[in-house]
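As you go down the protein sequences, you meet chains A and B in turn. Residue 101 in the numbering used here sits at position 93 of the first sequence, with consecutive numbering throughout. Residue 1067 in the numbering used here sits at position 336 of the second sequence, with consecutive numbering throughout. Take a look at the structure below.
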Amino acid sequence: MTVATAQKTVVEKTDAEIAAIRDRIQLVIPPAMFLFLLLTVGAVYFYSEFDGTTADILSTDKLIGQFRSHINVTMWSTLLVVGTAIPLGIALTRDQFRKFAPTVVGFANSGQAIPAYGLIIIFFTIMGRGTITAIVALTVFAIIPVLRNTMVGLDQVDKPTIEAARGMGMSKREVLQRIELPLAVPVILAGVRTALVINVGMAALVFLIGAGGLGETINSGLKLQRNTAIFVGAALVALLALAIDFLASLAERYLKPKGI
Amino acid sequence: MTDKAFIRLENVTKVYPGTEEPAVAELDLEIPKGEILVLVGPSGCGKSTTLRLINRMIEPSGGRIIFDGEDVTTVNADHLRRRIGYVIQQIGLFPHRTIAENIGTVPRLLGWDSARVDARVDELLEMVGMDPKIYRTRYPKELSGGQAQRVGVARALGADPEVLLMDEPFGAIDPITRDRLQNEFLRLQSELQKTIVFVTHDIDEAIKMGDQIAILREQSRIAQYDTPEAILAHPANAFVEDFLGSGAILKGLNLKRIGDLELTEIPTITAPVSRDAVLQAIEKSIDGWALMLDKDGKPTRWLDRTALDRAEGLDEAGQRVRVTVEPEDTLRDALEKMLLSVTGCAACVDPQGRYMGGVRLELLTDFLQELQRVERNRQAAANA
């Protein structure tokens, strides 16, 4: 009896320790990769000999401008995704609109089924060149993870919990605000994180329709056969994606309601 | 129509869309004030539906619901529910809210200020036997099943509603904990005197918990509505007899509680004590067993002469007290526990676990013989 208890305690402790270690790894590895990549890019950028063309492609002014437009497109498209997909997901899980869910999800799915490149071009033919077209295209592309996670997150809330809340006299609106949404937050945030990462990557393509972004550097490097420029451009996109994903993981960690 | 009825269902019908057969058909039901009415019946008889019609979690298709003299069939259902406590089998505590926040849900919906809510939460936690200092800030996942159900009851009592609806509240809990929760709840009810509607499929639980029992058959038709005593003594029809099943006499043991009986005295000694004092106590005992108590008055060991002679020290002598009974235990609960006891006698303890007196098996057999006599007379009367 005593031996069994002792063994059990040991096992539990190890489990908890493993979980803690895993947790720490998740917190440490992405910043470590970020730092490593940053140092490499820094070394390449500051210590290699650039010819005139490379220096022109990698001029600080251009890079800062592209960096800004990249973040701009990513941020606005993600905000639009959040602003449309979450209310839509809430509506489609309400009793009176649930019957439309398959249709809407079907449409949203086809948005993601079209290759990113094609989607950008389709919107270009409809709306012309520019940042706004890029933002709309990215929004359509990244809507499905947030929509799906909002619906799944709300549907997975324990039914007796909702029944108890209604039985105590909370209105449907109060149940949504105080019970369903808080309990769905972790799943919804995971969807938003996915959308962010999709959009950072996609924003490297929007130079095609004149919306800027770090894709310009990569493209110039490819066309003019300057490998250093290609590397710096690609590495900057990767750095941005890593940083955004890490920040989103922190948000997921700290915005999760206590007790679940 | 008695004026004792606090809630009255008049001709209430529920037909679900797309079905022809009603789930509840033209039900008239009176719910007496300050008592526990148990709705019991086989599964699918509509007892849960009936319960949920009362707080309009299910909207009736026809009929009227009268609540304390007021027709509530069409009032705002959310506001109605804030006046009615509701406990379900799965409890449904809010996992992202602390125990205090859970219990304070309805008071906050009613707009109480936070000082008043806090005081009420502490009061309720103490009422269900949980230390507020420990449990206020905990989350539901940190509770055992029994504790969670206690919090569920405390939450339902949040704004001190006059009515409590309970849908198989102890159905998902292990038998020993269920027994304790039932006892605690009955003790609570003897102080609170709420009007309670209690749904169960377990006839033993119905007999134990109910002041009145309504046995329901399909479509929530009332097969019999009476006190447990009357139902056991005079089943109204074959359906009720079938539902009560065999062993009606044994079920009769559910009617009487240990607290209704006169407890016998067992010679007790309080540790630490000398061997001679123990011997004296054993001498005094009718059946040769004495009970050792600790310094708080809680029973610890049963001692008899052989045990005393055999053991080295007094601390190790005799049999550890494994089962105790409480005043709220029914005789049936007590019988089950006493069968586990070596001495044929059980110690009765108060809620704090302190010794109150002894219950001997003879007490139960006497009562059984009495029941048997009544049953024989009933059958004789029926045959005549």
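Every residue, glycine too, gets a C-beta built ideally from N, C-alpha and C.
According to DSSP, simplified to helix, strand and coil, what is residue i?
i	result
residue 957 of chain B	strand
residue 742 of chain B	strand
residue 1055 of chain B	strand
residue 12 of chain A	Confidence at residue 12 of chain A is low in this model, with a pLDDT of 44, below 50, so the placement of that residue is unreliable and no value is reported for it.
residue 1078 of chain B	strand
residue 1064 of chain B	helix
residue 1003 of chain B	coil
residue 1087 of chain B	strand
residue 820 of chain B	coil
residue 994 of chain B	coil
residue 766 of chain B	coil
residue 5 of chain A	Since the first and last residues shown for chain A are 9 and 268, residue 5 of chain A lies out of range.
residue 815 of chain B	strand
residue 976 of chain B	coil
residue 756 of chain B	strand
residue 17 of chain A	Only weak support exists for where residue 17 of chain A lies, its pLDDT of 49 falling under 50; the coordinates are left without a value.
residue 1014 of chain B	helix
residue 732 of chain B	With a pLDDT of 44 at residue 732 of chain B, under the threshold of 50, the modelled position of this residue cannot be trusted, and the question is left open.
residue 1100 of chain B	helix
residue 182 of chain A	helix
residue 844 of chain B	coil
residue 103 of chain A	coil
residue 137 of chain A	coil
residue 1050 of chain B	strand
residue 1027 of chain B	coil
residue 867 of chain B	coil
residue 761 of chain B	strand
residue 254 of chain A	helix
residue 825 of chain B	coil
residue 1106 of chain B	helix
residue 737 of chain B	strand
residue 188 of chain A	helix
residue 802 of chain B	strand
residue 32 of chain A	helix
Using 8 angstroms for Cβ pairs, my map puts residue i next to residue j. What's the rounded Cβ distance?
i	j	result
residue 867 of chain B	residue 848 of chain B	So it is not a contact: roughly 12 angstroms between Cβ atoms.
residue 38 of chain A	residue 197 of chain A	Not really, about 17 angstroms apart at Cβ, beyond 8 angstroms.
residue 980 of chain B	residue 1102 of chain B	5 angstroms
residue 229 of chain A	residue 237 of chain A	3 angstroms
residue 938 of chain B	residue 896 of chain B	No, residue 938 of chain B and residue 896 of chain B are not in contact; Cβ-Cβ is about 20 angstroms, not under 8 angstroms.
residue 81 of chain A	residue 139 of chain A	6 angstroms
residue 99 of chain A	residue 154 of chain A	Not confirmed; about 14 angstroms, so no contact.
residue 959 of chain B	residue 889 of chain B	About 30 angstroms; that fails the 8 angstroms criterion.
residue 785 of chain B	residue 168 of chain A	In fact, because the Cβ distance is near 18 angstroms, the residues do not count as touching under 8 angstroms.
residue 1031 of chain B	residue 1052 of chain B	6 angstroms
residue 116 of chain A	residue 128 of chain A	The Cβ separation is near 17 angstroms, so there is no contact.
What is the residue span of the beta strand (DSSP E) that residue i lies within?
i	result
residue 898 of chain B	894-898
residue 945 of chain B	943-948
residue 92 of chain A	Here residue 92 of chain A belongs to no beta strand (DSSP E); instead the alpha helix (DSSP H) covers 68-100.
residue 795 of chain B	793-798
residue 1024 of chain B	1021-1024
residue 1030 of chain B	1030-1034
For the alpha helix (DSSP H) containing residue i, name the first residue and the last one.
i	result
residue 58 of chain A	From DSSP, residue 58 of chain A is part of no alpha helix (DSSP H); its letter is neither H nor E.
residue 773 of chain B	Premise fails: residue 773 of chain B is in no alpha helix (DSSP H) and is neither H nor E.
residue 929 of chain B	Residue 929 of chain B -> not in any alpha helix (DSSP H); beta strand (DSSP E) instead, spanning 926-931.
residue 228 of chain A	223-231
residue 167 of chain A	167-175
residue 887 of chain B	876-887
residue 940 of chain B	934-940
Check: Quick one: any contact between the region 1076-1093 of chain B and the region 1022-1037 of chain B, if contact means 3 or more CB pairs under 8 angstroms?
Finding: Three or more pairs of CB atoms, one per stretch, sit closer than 8 angstroms, so the region 1076-1093 of chain B contacts the region 1022-1037 of chain B.
Check: Name the residues in the region 812-835 of chain B whose C-beta lies less than 9 angstroms from a C-beta of chain A; which are they?
Finding: Answer in chain order: 812, 813, 814, 815, 816, 817, 818, 819, 820, 821, 822, 823, 824, 825, 826, 827, 828, 829.
Notebook entry, point to check: When Cβ atoms are compared, which residues of the region 777-796 of chain B fall closer than 9 angstroms to chain A?
Noted result: If the cut-off is 9 angstroms between Cβ atoms, the region 777-796 of chain B has 783, 786, 788 near chain A.
Next item on the list: Output, in sequence order along the chain, the residues in the region 178-204 of chain A whose CB is closer than 7 angstroms to any CB in chain B.
Entry: Hits within the stretch, in order: 178, 179, 187, 190, 191.
Notebook entry, point to check: If contact means a Cβ-Cβ distance below 9 angstroms, which residues of the region 158-170 of chain A contact chain B?
Noted result: Interface annotation for the region 158-170 of chain A against chain B: 166, 167, 168, 169, 170, criterion Cβ-Cβ distance under 9 angstroms.
Next item on the list: Residues of the region 851-870 of chain B with a CB closer than 8 angstroms to any CB of chain A: list them in chain order, please.
Entry: The residues in question are 870.
Next item on the list: For the region 755-774 of chain B and the region 939-953 of chain B, state whether three or more C-beta atom pairs, one from each stretch, are separated by less than 8 angstroms.
Entry: Taking a contact to require three or more Cβ pairs closer than 8 angstroms, the region 755-774 of chain B and the region 939-953 of chain B qualify as touching.
Checklist line | Contacting positions in the region 905-935 of chain B - beta carbon closer than 8 angstroms to chain E | finding: Protein chains in the displayed structure are A and B, and chain E is not among them.
Notebook entry, point to check: Do the region 813-827 of chain B and the region 905-917 of chain B meet, that is, are 3 or more Cβ pairs less than 8 angstroms apart?
Noted result: No, the region 813-827 of chain B is not in contact with the region 905-917 of chain B.
Margin query: Give me the subset of the region 253-268 of chain A whose CB atoms are less than 8 angstroms from a CB atom of chain B, sorted by chain position.
Written below: Answer in chain order: 265, 266, 267, 268.
Checklist line | the region 207-224 of chain A / the region 176-194 of chain A touching (three or more Cβ pairs under 8 angstroms) | finding: In short, these stretches do not touch, since the Cβ pair count stays below three.
Notebook entry, point to check: Does the region 143-151 of chain A come close enough to the region 107-122 of chain A to have 3 or more Cβ pairs within less than 8 angstroms?
Noted result: In short, these stretches touch, since the Cβ pair count reaches three.
Checklist line | At least three beta-carbon pairs within less than 8 angstroms, the region 981-1000 of chain B to the region 1052-1070 of chain B | finding: Contact between the region 981-1000 of chain B and the region 1052-1070 of chain B is established, with three or more Cβ pairs separated by less than 8 angstroms.
Margin query: With a threshold of 8 angstroms, are at least 3 pairs of Cβ atoms found where one atom belongs to the region 49-57 of chain A and the other to the region 104-112 of chain A?
Written below: Cβ pair count under 8 angstroms is below three, so no.
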